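Below: the structure, in structure tokens.
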Amino acid sequence: MSKKYKFAKVYKGKSGDASEKWFVFYSFINPSTLRFERIKVYEGINEIKDLQTKEKFGEELISEINKSLKAGYNPFETDESSEVIIKEVQAEIERVENPPFPLITEGFIEFLNEKRRNDLAKPTIQSYEGKIGMFEYYLLENKMADLRVDAIDSLFVSNMLEWLRPVQKWNPTTFNNHLSMWAMLIKWFAKKPRFWVNPEVFDLGKDGDIQFKNSSPMKHQYFGDPVGPRVREELKKFPKLEQFCMFIYFSCMRPDEIRNLKIENVDMAGRYIKIVGKTKSRTVPICDELFDILNSLNIDKHPLNYYVIGKEGEVSPHMHSENWYTKTFREEIRKPLGISENFSPYGWKHTRVVDLLNAKYSDAEVMNLTGHRDTAGYDKYKRDLIGHLETRLRGKTIGWSRNKTE
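For the sequence shown, this note's numbering assigns the number 753 to the last residue and increments by one with no breaks.
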């Protein structure tokens with residue numbers, strides 16, 4: 348009587364390399380069809396990445412299967428031991444044919460690729476890239492780059508944002524923008540055909556596990572009349588502080604960006620400044636007024652690794668202390684003039700934006716200075732700052748004594 352089985356062999360993929368999907372297979376006559384049916388056995392062989400170890404494991408698996416066949420093992424019998432083996436084989440096949448959830452970083456890549464295919468505006472894509480760059484930075488710094496999408500929940504998102512907040516010095520608005528980005532990502536991860544996460548385990552936003560921060564639109568208030576002229580007059584008594592405030596005004600750079608600015612990132616011939624960040628970079632055009640400030644510093648006579656406005660306000664190999672200008676402004680300008688704590692050196696950036704918009708510079712031109720990557724974020728920033736510039740409410744309206752325009 349012919350045998351009901353054919354001995355086991357190993358399949359090593361097309362190339363035989365250890366990175367290929369391998370399996371051991373044998374054939375047994377199916378009692379229902381009376382034909383030989385090939386049966387694949389994985390038994391964790393694809394968890395092995397070393398070629399020699401993988402080959403040895405395959406040989407041992409072949410030997411064990413052949414011994415079982417010789418001893419009378421029948422994969423089509425329904426005894427308990429065969430059922431266990433069948434389930435193990437089926438589970439392994441399912442695992443191979445349906446790989447585990449992607450890494451979070453891989454999920455980010457798929458999200459961005461889909462948005463690019465949808466031909467979204469370039470600033471919008473850049474905004475997504477910048478925020479996701481922050482999230483990837485967190486994963487790398489905390490050795491979590493191998494975390495899979497299905498492992499994340501509200502606590503994970505909360506820990507990420509609270510860790511990034513002081514590191515990146517986010518204000519409440521920036522925190523809220525990144526939280527909104529996570530809400531978008533979770534919705535996308537949960538959507539068909541992915542189903543990578545269960546949206547019910549996330550509770551983001553108002554009254555949720557992670558809530559939006561209360562932002563103060565008056566913080567770093569712009570210097571309009573009558574405050575602006577008086578502050579400018581007082582600044583003349585402190586040339587280094589005045590120079591710093593003027594640098595903020597003409598560049599629209601953040602104080603910390605100026606603090607970190609090196610000569611190597613200032614292209615006087617090309618008329619732009621390169622701001623290099625941890626996750627994204629941007630350029631700032633050098634207007635004539637800013638060019639004159641830079642030219643007065645004689646930066647071409649100093650090493651390229653020197654700070655443009657360094658220690659004590661000079662071109663220096665050392666940074667100025669983080670709060671030096673803020674403290675000086677508070678003690679020498681704000682307190683003597685009796686103005687509120689909402690005024691700070693950073694307010695000169697907002698003052699520049701208001702002045703440019705009043706002078707009819709376009710939103711696109713202003714966005715080149717502010718660093719906004721998308722129009723939605725810029726529009727909100729502008730509304731918080733000054734509302735709507737173009738409105739008849741800034742002119743003659745309804746009179747006091749009569750219900751019509753006077």
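The beta-carbon is built from N, C-alpha and C at its ideal position, and this holds for glycine as well. Since we're looking at a predicted model, the values are computed, not measured.
Between the CA atoms of residue j and residue i - distance to the nearest angstrom
| i | j | result |
| --- | --- | --- |
| lysine 359 | phenylalanine 375 | 21 angstroms |
| proline 546 | threonine 630 | 38 angstroms |
| threonine 717 | lysine 361 | 55 angstroms |
| lysine 560 | tryptophan 517 | 11 angstroms |
| leucine 637 | isoleucine 646 | 13 angstroms |
| tyrosine 725 | serine 474 | 11 angstroms |
| leucine 398 | aspartate 493 | 24 angstroms |
| histidine 525 | proline 573 | 36 angstroms |
| glycine 405 | arginine 382 | 26 angstroms |
| valine 443 | arginine 730 | With a pLDDT of 49 at valine 443, under the threshold of 50, the modelled position of this residue cannot be trusted, and the question is left open. |
| cysteine 634 | valine 544 | 49 angstroms |
| phenylalanine 372 | isoleucine 479 | 44 angstroms |
| phenylalanine 458 | phenylalanine 585 | 50 angstroms |
| serine 691 | proline 470 | 29 angstroms |
| aspartate 500 | leucine 508 | 13 angstroms |
| serine 748 | leucine 740 | 18 angstroms |
| glutamine 568 | arginine 541 | 45 angstroms |
| phenylalanine 455 | phenylalanine 536 | 9 angstroms |
| glutamate 678 | isoleucine 686 | 11 angstroms |
| aspartate 364 | lysine 401 | 10 angstroms |
| glutamate 394 | tryptophan 510 | 34 angstroms |
| leucine 703 | cysteine 599 | 11 angstroms |
| asparagine 421 | phenylalanine 448 | 35 angstroms |
| cysteine 592 | glutamate 604 | 13 angstroms |
| lysine 417 | lysine 403 | 21 angstroms |
Option nearest residue i by Cα separation, candidates the options
| i | options | result |
| --- | --- | --- |
| isoleucine 656 | Lys478, Pro650, Lys648 and His667 | His667 |
| leucine 644 | Gly617, Gln590 and Ser687 | Gln590 |
| tryptophan 695 | Phe372, Phe676 and Arg463 | Phe676 |
| histidine 665 | His719, Arg606 and Lys350 | Arg606 |
| phenylalanine 549 | Ser527, His567, Glu367 and Phe455 | Ser527 |
| alanine 575 | Asp721, Val701 and Ile533 | Per the sequence shown, the amino acid found at residue 575 is glycine instead of alanine. For glycine 575, the nearest C-alpha among the options comes from Val701. |
| tryptophan 369 | Val388, Ile472 and Glu384 | Val388 |
| methionine 615 | Val623, Trp535 and Leu641 | Leu641 |
| lysine 351 | Arg579, Gly419, Phe570 and Leu703 | Gly419 |
| serine 628 | Met531, Thr738 and Met481 | Met481 |
| valine 613 | His649, Lys583 and Cys592 | His649 |
| lysine 658 | Ile733, Arg579, Leu588 and Ser505 | Leu588 |
| phenylalanine 597 | His719, Tyr693 and Lys403 | Tyr693 |
| tyrosine 728 | Thr520, Lys743 and Leu608 | Thr520 |
Residue i and residue j closer than 8 angstroms at C-beta
| i | j | result |
| --- | --- | --- |
| arginine 512 | phenylalanine 522 | yes |
| proline 602 | isoleucine 610 | no |
| leucine 467 | arginine 495 | no |
| asparagine 489 | phenylalanine 423 | no |
| glutamate 483 | threonine 452 | yes |
| asparagine 715 | proline 632 | yes |
| isoleucine 472 | glutamate 581 | no |
| leucine 486 | arginine 577 | no |
| tyrosine 672 | valine 662 | no |
| phenylalanine 570 | threonine 698 | yes |
Exposed unless 16 or more other CB atoms sit within 10 angstroms - verdict on residue i
| i | result |
| --- | --- |
| glycine 391 | exposed |
| leucine 651 | exposed |
| valine 514 | exposed |
| alanine 498 | exposed |
| isoleucine 745 | exposed |
| threonine 380 | exposed |
| glycine 660 | buried |
| asparagine 460 | exposed |
| aspartate 639 | exposed |
| lysine 539 | exposed |
| valine 623 | exposed |
| leucine 532 | buried |
| arginine 463 | exposed |
| tryptophan 529 | buried |
| arginine 385 | exposed |
| serine 366 | exposed |
| threonine 738 | exposed |
| methionine 348 | Because methionine 348 sits at a pLDDT of 46, beneath the cut-off of 50, its placement in the model cannot be relied upon, and the point is left open. |
Three or more C-beta pairs under 8 angstroms: does that hold for the region 402-413 against the region 350-357? yes
Three or more C-beta pairs below 8 angstroms linking the region 611-619 and the region 703-715: no
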